[in-house]
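Heads up: the structure comes next, in structure tokens.
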Amino acid sequence: MSISSVETAGKTIVPVGQMVKKNQGWHRFKHYYLGPIIAFIVFITLWEIIPSMLGLKHYIFPKPSDVYKAAIEDWSILTAAIQITVVESLIGFAVSAVIGILLSVLLASSKIMERSIYPYAIILQTIPVVAVAPIVVIWFGAGYKSIVVISFLIGFFPIISNTLMGLNSVDKNMDELFTLYNASKWKKMLKLRIPAAMPYIMAGLKISCTLSIVGAIVGEYVAGIGGGKGGLGYAITVAAIQVKTPFLFACGIAAAILGIGFYLIVSIFAKWVLGSWHESAMKVEK
């Protein structure tokens, strides 16, 4: 008969399995989280102390307490701006993901099309967004549509680049095996090339999801406000004009948190897609 614990001389002996599990939890916390937490505390402490020691005014370089106070005072404005930027970023990211993956599959199916069209995708990426944005505004008008298009343009290239790389990096032996069994070009694409390219596609999505937020904020700078209300880019512009530096910092931090949130969500999705078969998502703790 097994027992979960034994009481000896008034003391409870903790089971070995429970002690090992507790030690593993502490080891994981110490290995992954303790360092970043300590670094964050040190950073915030120095940020709070140094401006006070140098006598810097809050409108020149605000302390974390000033940023927090400004965020609380204008919380309704900040949350409304975050919601608008999230919607614009999500739409831009979704469009860039769908079009980027579909276009990559189309280009990978024909070397002639890839050599003909892909260089123009590279050229589009090398053109500064600030130069393209006024043209987008002329075509789509100032506001929501232009912001989404600019977000799409910034997030588009990482997806098409990574997806094409994955589709063209299929194991040669597997490709020859499919050819041996007379698999058609599209059957080979669906059954072999796309599954093999999934890690590359996920990597492209991770890059694109953060860039979509950058694109939405840049779009709000150039294309005005989205849907009659201002997103984070618009809020940052207004805060800069009014010299509300603490609130400007709060908007910037909110944008960074959004980027981290988007990245974590896509990472969870990638782990769900790849977790059962690909090495990058099947790491075992040693």
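The working numbering runs 6 ahead of the 1-based position in the sequence shown.
All C-beta atoms in this analysis are idealised placements derived from N, C-alpha and C, irrespective of residue type, glycine included.
query: Residue 149: which of 244, 245, 236, 249 sits nearest, CA to CA?; result: 236
query: Go ahead and label residue 91 buried or exposed: buried means 16 or more other beta carbons lie within 10 angstroms of its beta carbon, across all protein chains shown.; result: buried
query: Ends of the alpha helix (DSSP H) at residue 195?; result: From DSSP, residue 195 is part of no alpha helix (DSSP H); its letter is neither H nor E.
query: Roughly how many angstroms lie between the CA atoms of residue 253 and residue 58, to the nearest whole one?; result: 18 Å
query: Ordered along the chain, which non-local residues of its own chain (more than five positions away) have a Cβ less than 7 Å from that of residue 98?; result: 154, 157, 158, 161, 218, 221, 222
query: Starting from the Cα of residue 173, find the closest Cα among 203, 216, 196 and give me that residue.; result: 203
query: What residues in its chain sit with their C-beta under 8 Å from that of residue 104, if we drop five residues either side in the sequence?; result: none
query: Leaving out five residues on either side along the sequence, give the residues of the same chain with a beta carbon under 8 Å from the beta carbon of residue 40.; result: none
query: With a cut-off of 8 Å on the beta carbons, I'd call residue 272 and residue 196 a contact; round off their distance for me.; result: Not a contact, Cβ separation roughly 23 Å.
query: Would you say the stretch 118–129 touches the stretch 242–257, given that touching needs at least three Cβ pairs under 8 Å?; result: no
query: Looking at residue 64 and residue 243, is the spacing between their C-beta atoms short of 8 Å?; result: no
query: Among 146, 86, 135, which one has its Cα closest to the Cα of residue 261?; result: 86
query: Between 124, 101, 102, which lies nearest to residue 112 when the distance is taken from Cα to Cα?; result: 124
query: To the nearest angstrom, report how far apart residue 78 and residue 241 are at their CA atoms.; result: 15 Å
query: Give the straight-line distance between the Cα atoms of residue 81 and residue 256, rounded to the nearest whole angstrom.; result: 10 Å
query: How long is the line joining the alpha carbons of residue 198 and residue 110, rounded to whole angstroms?; result: 15 Å
query: By the three-class DSSP mapping on this structure, what secondary structure does residue 136 have?; result: helix
query: Can you tell me the Cα-Cα spacing of residue 108 and residue 84, whole angstroms?; result: 36 Å
query: Indicate whether residue 229 and residue 136 have their beta-carbon atoms separated by less than 8 Å.; result: no
query: Just curious, the alpha helix (DSSP H) that residue 267 is in, first and last residue?; result: 251–280
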